[in-house]
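Report on one structure; see the data block that follows.
Protein chains in written order, with the working numbering: chain U, 1 to 137; chain Z, 1001 to 1093.
If you want it as structure tokens, here you go:
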């Protein structure tokens, strides 16, 4: 189960809407081993595409060095689908390289704007998990 | 000639859990061969037919090797190499 603060859910959705129709992507880092998403980091989609996202390679290096220095992990890795449902595509599954992370997908497609779902992706296996939104913090 | 290599979480299954390992080589490609001898399976995750995989990022002293010489990038004693899988995906398929 993903436990996540309301303001962080809102921050992901706001980023997704801002970058629509391109896919938006980012990370929420948290203390290593805590499973607690805390630090919201919107990333640039270097692909600037409505059907693909990729962190810029230098941004990626900076992000991992920063997390390392802070003793953090990528607790949540999020991105948006802008014309399809918030469910991992084959591409998402083949490039998922953080078995410990919650992969959050949101959708900004017509009629489903605001869809917010979380998955574990381990060895090509997708498992959807419950999302518990924490209010009042 | 020793080079320090930082290994990402997903590849630590090949290094017995180690975050950093040491290796030698005049080029990135030679370094990977050297690592493979002690950490079998690693090469396959980094190279495809001898070329760096598209969705694996390798940095030498914080520079992306794609802008240096990819797998032919020259290494010197004391260099620091970082491996990070790309964070990528999308709804395309």
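Note that beta-carbon positions come from the ideal geometry of N, C-alpha and C, so glycine has one too.
In angstroms, rounded to a whole number, what distance separates the CA positions of residue i and residue j?
i: residue 1073/Z; j: residue 1003/Z; result: 13 angstroms
i: residue 89/U; j: residue 75/U; result: 20 angstroms
i: residue 125/U; j: residue 1078/Z; result: 39 angstroms
i: residue 31/U; j: residue 68/U; result: 10 angstroms
i: residue 27/U; j: residue 1029/Z; result: 31 angstroms
i: residue 63/U; j: residue 51/U; result: 23 angstroms
i: residue 1071/Z; j: residue 1081/Z; result: 12 angstroms
i: residue 1034/Z; j: residue 1023/Z; result: 6 angstroms
i: residue 1052/Z; j: residue 136/U; result: 47 angstroms
Tell me where the beta strand (DSSP E) around residue i begins and ends.
i: residue 9/U; result: No beta strand (DSSP E) holds residue 9/U; the alpha helix (DSSP H) holding it covers 6-19.
i: residue 42/U; result: 39-43
i: residue 77/U; result: 72-81
i: residue 1014/Z; result: No beta strand (DSSP E) contains residue 1014/Z, which DSSP labels as neither H nor E.
Less than 8 angstroms between the CB atoms is what I'm expecting for residue i and residue j, so what's the real figure, rounded?
i: residue 40/U; j: residue 11/U; result: 5 angstroms
i: residue 1011/Z; j: residue 1045/Z; result: 6 angstroms
Could you spell out the range, first to last residue, of the alpha helix (DSSP H) harbouring residue i?
i: residue 1006/Z; result: No alpha helix (DSSP H) holds residue 1006/Z; the beta strand (DSSP E) holding it covers 1003-1006.
i: residue 130/U; result: Per DSSP, residue 130/U belongs to no alpha helix (DSSP H) and is neither H nor E.
Is it a yes or a no for the stretch 91-101 of chain U touching the stretch 1076-1093 of chain Z, going by three-plus beta-carbon pairs under 8 angstroms?
At 8 angstroms Cβ cutoff, the stretches touch.
Where the stretch 51-78 of chain U meets chain B: residues whose CB sits under 7 angstroms from a CB there:
Absent from the structure is chain B; the protein chains it does hold are U and Z.
Please identify, using Cβ separations under 8 angstroms, the residues of the stretch 1041-1071 of chain Z that lie next to chain U, in order along the chain.
Correct list: 1055, 1057, 1059, 1062, 1064 and 1066.
Contact residues within the stretch 1072-1093 of chain Z, judged by C-beta distance below 9 angstroms to chain U
Against chain U - using a Cβ distance shorter than 9 angstroms - the residues of the stretch 1072-1093 of chain Z are 1082, 1084, 1085, 1086, 1087, 1088, 1089, 1090, 1091, 1092 and 1093.
Which residues, taken in chain order from the stretch 1008-1029 of chain Z, show a beta carbon closer than 8 angstroms to some beta carbon of chain U?
Under the 8 angstroms Cβ criterion, the stretch 1008-1029 of chain Z contributes 1008, 1009 and 1010.
With 8 angstroms as the C-beta to C-beta threshold (strictly closer), list the residues of the stretch 116-136 of chain U near chain Z in chain order.
None of the residues of the stretch 116-136 of chain U has a beta carbon lying less than 8 angstroms from any beta carbon of chain Z.
Given 8 angstroms as the limit, is there contact between the stretch 1015-1029 of chain Z and the stretch 115-135 of chain U, that is, 3 or more CB pairs closer than that?
No: fewer than three Cβ pairs fall under 8 angstroms.
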